[in-house]
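Asks: Residue numbers (my numbering), protein chains in the order written: chain D, 39 to 178; chain H, 39 to 178.
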DNA sequence: TGACAAATGCAAGTCACTTGCATATAATAT
DNA sequence: ATATTATATGCAAGTGACTTGCATTTGTCA
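Below, the structure is given as structure tokens:
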């Protein structure tokens with residue numbers, strides 16, 4: 039996990055002013071093991087007594103995502119989740135019983151993408167691949 | 039495409055009363071080449087002079103999905119789309135320029151699912167796989 | 001340290017979707 | 001064909017995630 043100094047540099051590197059709210063949001067993202075939604079971030083900020091308005095947090099996360107610092111994740115919910123873009127490409131395993139979210143790195147769909155580009159003349163730039171089922175704990 | 043009589047039987051088969059609104063929604067889904075969202079369905083109904091309340095349409099589509107008649111699709115939008123569940127499993131190619139949605143049937147991720155079950159002890163029940171990029175037309 | 005562009009806070013608004021409850025209607029029994 | 005009844009619908013209001021406009025505050029850099 040990065041310290042405050044590194045967080046500041048991180049933001050600077052993305053040409054973003056290092057405000058208190060932004061630093062706090064970045065830290066929360068660094069510490070989160072799985073993608074989180076904005077409402078949860080706001081809750082964390084409240085617990086940490088970082089005073090901010092909801093709107094600010096929505097604006098921060100949008101900015102982060104536009105600049106490529108974070109990435110939007112949709113897991114069949116009526117809201118978006120976000121995670122740092124720094125980690126290498128991976129997918130999620132979502133337990134439909136307990137809601138736990140695990141990462142899964144191995145993914146070999148380049149072959150499929152090539153197939154699509156060949157057969158459909160569709161230039162693939164991005165894909166979303168998420169799995170839903172029952173995690174090991176909930177199987178017991 | 040099914041005719042009215044078949045639509046009625048279709049609904050009966052799912053143990054659903056064949057009301058005017060439900061038949062109309064079912065027909066719209068039959069005729070749609072790609073997953074559509076509820077607001078669009080409501081628009082179509084208005085054009086067809088089928089009088090219904092928004093709420094009813096939301097309830098119908100929820101019921102259809104609960105019963106397995108339709109399937110929910112999320113394409114990085116802030117709303118859900120729906121498509122008939124009858125068609126065999128397929129994925130979507132979403133053009134980020136014109137918004138066009140194409141189907142793509144071939145998908146060979148059973149191997150990946152087996153890998154997940156083995157490595158993570160996670161029982162995969164469902165997955166979502168969507169591709170985003172530029173369609174053939176927009177490449178020109 | 002001061003100037004200024006950019007970030008924030010507050011109020012209000014939008015959009016997809018849900019809930020509660022009274023009324024209307026499809027399906028079945030008569 | 002009609003009455004019965006469970007179920008579907010319409011209307012009003014509510015919720016939750018997210019956005020917009022605008023006045024005020026705050027990092028940043030000269």
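Ideal Cβ positions, reconstructed from N, Cα and C, are used throughout, including at glycine.
If you draw a straight line from the C-alpha of residue 101 of chain D to the C-alpha of residue 167 of chain H, how long is it?
Replies: Here residue 101 of chain D corresponds to residue number 63 of the first chain, with the count starting at 1. Here residue 167 of chain H corresponds to residue number 129 of the second chain, with the count starting at 1. Cα to Cα, the separation comes out at about 26 Å.
Asks: What residues in its chain sit with their C-beta under 6 Å from that of residue 67 of chain D, if we drop five residues either side in the sequence?
Replies: In the first chain, residue 67 of chain D corresponds to position 29, counting from 1. So the list reads 122, once near-sequence residues are dropped.
Asks: State the Cα-Cα distance for the pair residue 143 of chain D and residue 72 of chain D, rounded to the nearest angstrom.
Replies: If you number the first chain from 1, residue 143 of chain D lands on position 105. If you number the first chain from 1, residue 72 of chain D lands on position 34. Roughly 13 Å between the two C-alpha positions.
Asks: Which stretch, first to last residue, makes up the beta strand (DSSP E) that contains residue 120 of chain H?
Replies: As a first step, residue 120 of chain H is located in the second chain; it is residue number 82 there, counting from the start. Where residue 120 of chain H is concerned, the enclosing beta strand (DSSP E) stretches over 119-122.
Asks: Is the shortest distance between the beta-carbon of residue 76 of chain H and the beta-carbons of chain D less than 9 Å?
Replies: On the second chain, residue 76 of chain H is found 38 positions in, with the first residue counted as 1. Not closer than 9 Å to any Cβ of chain D, the Cβ of residue 76 of chain H fails to qualify, so no.
Asks: Between residue 46 of chain H and residue 178 of chain D, what straight-line distance do the alpha-carbon atoms span, to the nearest angstrom?
Replies: Taking the second chain and counting its residues from 1, the one referred to as residue 46 of chain H is at position 8. Taking the first chain and counting its residues from 1, the one referred to as residue 178 of chain D is at position 140. Near 42 Å, if we compare the C-alpha coordinates of residue 178 of chain D and residue 46 of chain H.
Asks: Let me know if residue 135 of chain H comes out buried or exposed under the rule of 16 or more other beta-carbons within 10 Å of its beta-carbon.
Replies: Numbered from 1 along the second chain, position 97 holds the residue referred to as residue 135 of chain H. Answer is exposed; the Cβ neighbour count stays below 16.
Asks: What are the start and end residues of each continuous beta strand (DSSP E) run of 3 or more residues lying completely inside the stretch 46-127 of chain H, in chain order?
Replies: 108-111, 119-122
Asks: Cutting at 7 Å between CB atoms, please list the residues of its own chain near residue 58 of chain H, excluding the five before and the five after it.
Replies: As a position in the second chain, residue 58 of chain H is number 20, starting the count at 1. So the qualifying residues of the chain are 88.
Asks: Write down the C-beta distance between residue 131 of chain D and residue 160 of chain H rounded to the nearest angstrom, noting that I regard them as a contact closer than 8 Å.
Replies: Locating residue 131 of chain D in the first chain gives position 93, where the first residue counts as 1. Locating residue 160 of chain H in the second chain gives position 122, where the first residue counts as 1. That pair is a contact at about 5 Å.
Asks: Can you name, in chain order, every residue of its own chain whose Cβ lies under 7 Å from the Cβ of residue 154 of chain H, other than the five neighbours on each side?
Replies: Position 116 of the second chain holds residue 154 of chain H. Same-chain partners within the cutoff: 160, 162.
Asks: With DSSP collapsed to three states, give me the class of residue 147 of chain H.
Replies: Taking the first residue of the second chain as 1, we reach residue 147 of chain H at position 109. Correct three-state label for residue 147 of chain H: coil.
Asks: Could you please give me the residues that DSSP links to residue 133 of chain H through a beta bridge?
Replies: As a position in the second chain, residue 133 of chain H is number 95, starting the count at 1. Residue 133 of chain H pairs with H:171.
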